[in-house]
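Numbering (this note's numbering), first residue to last: 189 to 465. Below is one structure, written out as C-alpha cells; the observations come after it.
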Amino acid sequence: MTLLEAIILGLVQGLTEFLPISSSAHLVITQLLFNISFDGFGFEILLHLASVLAVIIYYRKDLINIIRGFFGYIMTRSKEHKVNFWFSIYILVATVITGLTGILFEDYISTALKGPTMIAISLALTGIFLIIIERAVKTGGRTEKDMTLFDAVLVGIGQSLALIPGLSRSGTTLVVGMFAGLTKETAVRYSFLLSIPVILGSTVLAVDELIHGELLEIAGALPLTVAFIVTFISSLLGIVWFINFLKKSKLIYFAMYCFALALFVYFFLGNVDPDQF
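Structure, rendered in C-alpha cells:
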C-alpha cells in the first residue's frame with residue numbers, strides 16, 4: 189500500500205464513518221477501484237479504531253459525565269446523576285442487543301447477504317428510510333431525559349441491521365432514534381456514543397488478527413500509521429461537520445447520495461466477485 193492509497197483510504201473511512209451513507213461500503217468500493225485487498229478485517233478494524241478515538245476526543249466531557257453519573261447514582265441515588273446513569277444503561281442495552289445479534293447471525297449475514305447487488309439494495313433502502321424520517325415522520329422533542337428502555341431496544345435492533353453490508357450504522361441508529369421521537373440532536377449524540385462500545389467490542393474480537401496477522405508485513409508500518417492518523421483527523425472533522433449540517437439542513441441530501449451510489453454499485457460493480465465485498 190502506497191502513502192497516497194493510505195491517505196485516500198483514511199479520508200474515505202473518516203469522512204463517511206459517521207455519515208448515514210455506510211462507511212464500510214465506501215471502504216470496499218475504494219479498495220476495489222484501487223485494486224487493494226487485505227485478508228481478514230485487520231485493516232478495517234484499525235481504521236475504525238481511529239474513528240472511535242475521534243468520537244472519544246469529541247465527546248470526552250460527555251463521557252466523563254456519563255461515567256460519573258453511572259457510578260455516582262449507584263453510590264448515592266442522587267437525582268443529579270440519574271439522567272446520566274440511565275443514559276449509560278441505554279447505551280449498554282443497545283450494545284448488548286447488537287453484540288448478541290452479531291454473535292448469532294454475523295456469519296450468515298457476511299456470507300449470504302454480501303455482494304454488489306446486496307450493497308446497492310442496502311444503500312437504496314438507507315436512502316428511502318432517510319426520506320421517510322425527514323418527510324413522513326414528525327421529529328420528536330424527546331431528549332435523553334425522556335428516553336426509556338424501549339427506545340434503547342429499538343435503537344439496538346436498528347444498529348443490528350447495520351450488520352447487513354451497505355446499511356449504515358449511523359444511519360440506522362439515527363433513523364430509528366428519530367422514529368422513536370428523539371430530537372435530531374439527541375439521536376445523533378446517542379448514535380455516536382453507541383459507536384464506542386460497538387467498535388471497541390469488534391476490535392477485541394479481532395485483536396489476535398491485529399497482533400499476529402500479516403497486515404503490517406503486507407501494508408507496511410508507515411502507510412498504516414498515515415492511514416490511522418488521516419482517519420482520526422478526518423473522522424473528527426466529519427463529526428463536527430455533520431452535527432453542524434443537521435442544525436441547518438436536511439437528511440434528504442444524504443438520501444440522494446445513497447441512491448446515486450447504489451446505482452453506481454449496481455451498474456458498474458455488479459459483475460465483481462461477491463467474495464471481494
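All C-beta atoms, glycine included, are put in the ideal place defined by N, C-alpha and C. Computed from a predicted structure; not experimentally measured.
- Arg265 sits in coil when the DSSP states are folded into three classes, being neither helix nor strand.
- Annotation for Ile224: Met189, Glu193 place their beta carbon closer than 7 Å to its own, counting only its chain and skipping 5 residues before and after.
- Between the alpha carbons of Lys249 and Phe452 lies a distance of about 40 Å.
- Annotation for Val364: Leu342, Val343, Gly346 place their beta carbon closer than 7 Å to its own, counting only its chain and skipping 5 residues before and after.
- Membership of Asp334 in any alpha helix (DSSP H) is not indicated, and neither H nor E is assigned to it by DSSP.
- Assignment of Leu215 by DSSP, reduced to helix, strand and coil, places it in the helix class.
- For Asn432, the enclosing alpha helix (DSSP H) has its first and last residue at 409-436.
- Under the three-pair Cβ rule at 8 Å, the segment 375-390 counts as touching the segment 281-291.
- Here the C-alpha atom of Phe416 lies approximately 20 Å from the C-alpha atom of Trp429.
- Distance check between Ala450 and each of Ser211, Gly260, Thr286, Ala312 places Ala312 closest, using alpha-carbon atoms only.
- Residue pairing by DSSP places Arg330 opposite Leu370 in a beta bridge.
- Shown here, Ile244 sits in a helix according to DSSP, grouped into three states.
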